[in-house]
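Protein chains: 2
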Amino acid sequence: MDLTNDAHTDHISQQFNDELERVKSHLLEMGGLVEQQVGDAIKSLIEADSELAVNVRATDKRINQMEIDIDEECTRIIARRQPAASDLRLVIAASKAVNDLERIGDESAKIARLAMKLCEEGESPRGYVEIRHIGDRVRRMTQSALTAFARLDVETALAVAQEDKEVDREYESAMREMVTYMMEDPRSIKRVMNVIWSLRALERIGDHARNIAENVIYLVKGKDVRHISIDEMEKVLDK
Amino acid sequence: MDLTNDAHTDHISQQFNDELERVKSHLLEMGGLVEQQVGDAIKSLIEADSELAVNVRATDKRINQMEIDIDEECTRIIARRQPAASDLRLVIAASKAVNDLERIGDESAKIARLAMKLCEEGESPRGYVEIRHIGDRVRRMTQSALTAFARLDVETALAVAQEDKEVDREYESAMREMVTYMMEDPRSIKRVMNVIWSLRALERIGDHARNIAENVIYLVKGKDVRHISIDEMEKVLDK
């Protein structure tokens with residue numbers, strides 16, 4: 001074999017690996033920022049901190065730009081490097097995860113907007129305990145989903161999917177409480193509705209964290225586990 | 240040039256074109272089914288037709304499977320054909336559109352579930368006019384977005400994005416009315432909440448139709464127009 005050529009190939013594949021690593025690190029950087037957005041949005045709502053809420057909404061623009069940039073990076077790698085199966089899966093999974101992160105950012109910005117409305121219209125008499133609780137949970141789920149992605153860790157990914165089911169249950173129960181409360185005190189409806197929309201946004205964040213986790217499972221196992229139950233998912237993963 | 244080789248290349252590129260056409264036609268087939276789901280979901284809600292609602296929820300499983308299948312098709316094409324810039328864009332755009340279609344399907348299934356709840360818990364005293372109106376609009380937007388995709392028609396895509404802004408306005412106004420109504424008649428809160436969630440699902444369908452339309456613009460113009468205002472979008476398209 002021609003040594004020069006070999007060195008050339010090594011060089012190319014080193015560049016390619018660098019590019020893949022860069023996408024991954026950009027994704028995790030975006031993830032870190034998004035996770036902070038979730039936390040700040042919840043804080044702005046619970047502490048009626050309209051300044052923090054304004055910040056969250058401003059930062060969302062940066063996150064949108066990150067989505068576009070990383071997506072472009074992914075397309076460029078596919079076009080120029082024509083990656084083989086497992087590398088291609090990584091790039092596609094990254095591009096999908098970026099999309100979910102952007103949506104988590106969107107939901108955080110929505111919560112920040114609701115925090116501002118609650119500052120103007122007056123606090124809701126109920127719902128803050130639920131927001132803090134479910135909010136903490138989905139923020140941690142977002143973090144775990146990213147850790148799972150970084151480490152290609154299927155166990156953690158599965159745990160996130162399992163936790164999303166619990167979040168859905170807690171969300172349903174909180175929602176029933178809010179409806180009951182509105183019936184008892186109709187004058188509070190407008191303000192409680194802001195809490196309802198916030199809870200809804202948090203529940204969506206949980207869904208997106210779960211999507212990222214399912215993506216990790218696809219990446220590691222090559223199996224598409226969207227739209228299947230946790231039981232089926234455990235079977236796929238031989239649990 | 241070697242004629243045999245040429246014939247071979249022609250053969251490969253013919254196969255490749257066939258594969259691209261097949262993805263496109265599968266996408267449009269899925270789109271047709273999703274559009275029907277939107278219509279049926281709205282009908283089941285307005286006419287309190289629980290049988291139709293059950294159908295919509297059953298069909299959603301088929302749509303989920305279509306997403307997985309077409310997504311696999313896209314990944315396979317990228318891995319095996321290593322398409323160049325514009326073809327790659329088509330495959331990526333198709334894969335994203337499929338994801339939005341699946342979510343439109345999801346929102347339709349949610350509406351069907353709310354239709355079933357309204358059948359059990361009793362009709363809402365208000366909101367059907369708004370659901371019919373906004374529902375018709377987002378169903379047509381879904382259709383237009385798919386037409387824009389099939390014909391690579393930027394004008395139609397832009398019109399969908401513009402219409403989404405109007406839908407958002409109508410949604411906000413309908414939402415204010417529902418809140419006012421709940422305050423006037425607190426006993427109706429539970430039932431009106433089902434209408435509120437349905438309106439919310441319709442508004443999300445509009446968002447997804449807009450995503451598909453933005454995707455068409457990316458495909459034709461190579462410009463990412465997510466996260467920008469309609470004014471900026473018109474500027475990008477030299478309107």
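Sequence lines, in order, name chains A and B. Here my numbering is used: the first residue of the first sequence is 1, the next is one more, and so on. Here my numbering is used: the first residue of the second sequence is 240, the next is one more, and so on. The beta carbon of each residue, even a glycine, is placed where N, CA and C say it ideally should be. All values derive from a computational prediction rather than experimental measurement.
For this session: Label A/Val65 either buried or exposed according to how many other C-beta atoms from any shown protein chain fall within 10 Å of its C-beta, with 16 as the threshold for buried.
Result: Locating residue 65 of chain A in the first sequence gives position 65, counting from the first residue. Before going further, note that residue 65 of chain A is Gln rather than Val in the sequence given. Burial check for A/Gln65: the Cβ neighbour count within 10 Å stays below 16, so the residue is exposed.
Exercise. Can the beta-carbon of B/Gly366 be found less than 8 Å from the beta-carbon of B/Val431?
Worked result: For the purposes of this step, residue 366 of chain B is identified with residue 127 of the second sequence, where counting begins at 1. For the purposes of this step, residue 431 of chain B is identified with residue 192 of the second sequence, where counting begins at 1. Between B/Gly366 and B/Val431, the C-beta gap is smaller than 8 Å, which places the two residues in contact.
Exercise. From B/Gln275 to A/Cys74, what distance separates their C-alpha atoms?
Worked result: On the second sequence, residue 275 of chain B is found 36 positions in, with the first residue counted as 1. On the first sequence, residue 74 of chain A is found 74 positions in, with the first residue counted as 1. Taking the CA atoms as reference points, B/Gln275 sits about 34 Å from A/Cys74.
For this session: Between the Cα of A/Lys96 and those of A/Ala213, A/Ser188, A/Gly32 and A/Leu237, spot the shortest distance and give me the residue it belongs to.
Result: Numbered from its first residue, the first sequence carries residue 96 of chain A at position 96. It is A/Ala213.
Exercise. Curious, which full-length alpha helix (DSSP H) runs of at least 4 residues does the stretch 426-461 of chain B contain?
Worked result: Qualifying alpha helix (DSSP H) stretches, in chain order: 428-460.
Exercise. Mind checking if A/Leu3 is an interface residue toward chain B, Cβ cutoff 8 Å exclusive?
Worked result: Taking the first sequence and counting its residues from 1, the one referred to as residue 3 of chain A is at position 3. Caution applies to A/Leu3, whose pLDDT of 49 falls short of 50 and renders its modelled position unreliable; the value that the coordinates give is listed next. A/Leu3 does not count as touching chain B.
For this session: Decide if B/Val330 is buried, meaning its Cβ has at least 16 other Cβ atoms within 10 Å, or exposed.
Result: Mapped onto the second sequence, residue 330 of chain B falls at position 91. With 16 or more other Cβ atoms within 10 Å, it is buried.
Problem set entry | A/His25 classed as buried or exposed, judged by whether at least 16 other C-beta atoms fall within 10 angstroms | If you number the first sequence from 1, residue 25 of chain A lands on position 25. Here residue 25 of chain A turns out to be Ser, not His, going by the sequence shown. Taking a 10 Å sphere around the C-beta of A/Ser25, we find fewer than 16 other C-beta atoms and assign the residue as exposed.
For this session: If I'm right that A/Ala159 touches A/Leu45 with Cβ under 8 Å, what's the distance once you round it to whole angstroms?
Result: Your numbering for residue 159 of chain A matches position 159 in the first sequence. Your numbering for residue 45 of chain A matches position 45 in the first sequence. Contact between A/Ala159 and A/Leu45 is absent: CB atoms are separated by about 27 Å, not below the 8 Å threshold.
Exercise. From the beta carbon of A/Val220, is the nearest beta carbon of chain B less than 8 Å away?
Worked result: Locating residue 220 of chain A in the first sequence gives position 220, counting from the first residue. Not an interface residue.
For this session: Mark A/Glu107 as exposed unless 16 or more other C-beta atoms lie within 10 angstroms of its C-beta, in which case mark it buried.
Result: Walking along the first sequence from the start, residue 107 of chain A turns up at place 107. That one is buried.
Exercise. Would you say B/Pro364 reaches chain A, if we count a Cβ-Cβ gap shorter than 8 Å as a contact?
Worked result: For the purposes of this step, residue 364 of chain B is taken as the residue at position 125 of the second sequence. With 8 Å as the cut-off, B/Pro364 does not count as an interface residue toward chain A.
For this session: Could you work out which residues of chain B lie near A/Ala84, taking near to mean beta carbons separated by less than 9 Å?
Result: Here the question's residue 84 of chain A lines up with position 84 in the first sequence. Those within 9 Å of A/Ala84 in chain B are Ala318.
For this session: Provide the residue span of the alpha helix (DSSP H) that contains A/Lys122, from first to last.
Result: Start at 1 with the first residue of the first sequence, and residue 122 of chain A comes out as number 122. The sequence given here places Gly at residue 122 of chain A; Lys does not occur at that position. From DSSP, A/Gly122 is part of no alpha helix (DSSP H); its letter is neither H nor E.
Exercise. With 8 Å set as the bound, which would you pick, yes or no: does the beta-carbon of B/Arg465 sit closer than that to a beta-carbon of chain A?
Worked result: The sequence position of residue 465 of chain B within the second sequence is 226, counting from 1. So, interface residue.
For this session: Please confirm whether B/Gly272 and B/Ile317 have their CB atoms less than 8 Å apart.
Result: For this step, residue 272 of chain B is matched to residue 33 along the second sequence. For this step, residue 317 of chain B is matched to residue 78 along the second sequence. The amino acid occupying residue 272 of chain B in the given sequence is Leu; Gly does not appear at that position. No; because the gap between Cβ atoms is not below 8 Å, this pair is not in contact.
For this session: Please confirm whether B/Asp477 and B/Asp446 have their CB atoms less than 8 Å apart.
Result: Locating residue 477 of chain B in the second sequence gives position 238, counting from the first residue. Locating residue 446 of chain B in the second sequence gives position 207, counting from the first residue. No, Cβ-Cβ distance for B/Asp477 and B/Asp446 is not below 8 Å.
Exercise. Is the shortest distance between the beta-carbon of A/Ala104 and the beta-carbons of chain B less than 8 Å?
Worked result: The residue you call residue 104 of chain A lines up with position 104 of the first sequence. This sequence places Ile at residue 104 of chain A; Ala is not what is there. At a cut-off of 8 Å, the C-beta of A/Ile104 has no neighbouring C-beta in chain B.
Exercise. To which residues of the same chain is B/Met421 closer than 7 Å at the C-beta, ignoring the five residues directly before and after it?
Worked result: Along the second sequence, one-based indexing puts residue 421 of chain B at 182. Only Ser427, Ile428 and Val431 meet the Cβ criterion.
Exercise. If the cut is a Cβ gap below 9 Å, which residues of chain B does A/Ile70 touch?
Worked result: As a first step, residue 70 of chain A is located in the first sequence; it is residue number 70 there, counting from the start. Neighbours of A/Ile70 on chain B: none; closest Cβ ~11 Å, over 9 Å.
Exercise. What is the DSSP secondary structure of B/Arg465, reduced to helix, strand or coil?
Worked result: Translated into the one-based positions of the second sequence, residue 465 of chain B becomes position 226. B/Arg465 falls in the coil class under three-state DSSP.
For this session: Report buried or exposed for A/Ala84, applying the criterion of at least 16 other Cβ atoms within 10 angstroms of its Cβ.
Result: Translated into the one-based positions of the first sequence, residue 84 of chain A becomes position 84. Counting other Cβ atoms within 10 Å of its Cβ, A/Ala84 stays below 16 and is therefore classed as exposed.
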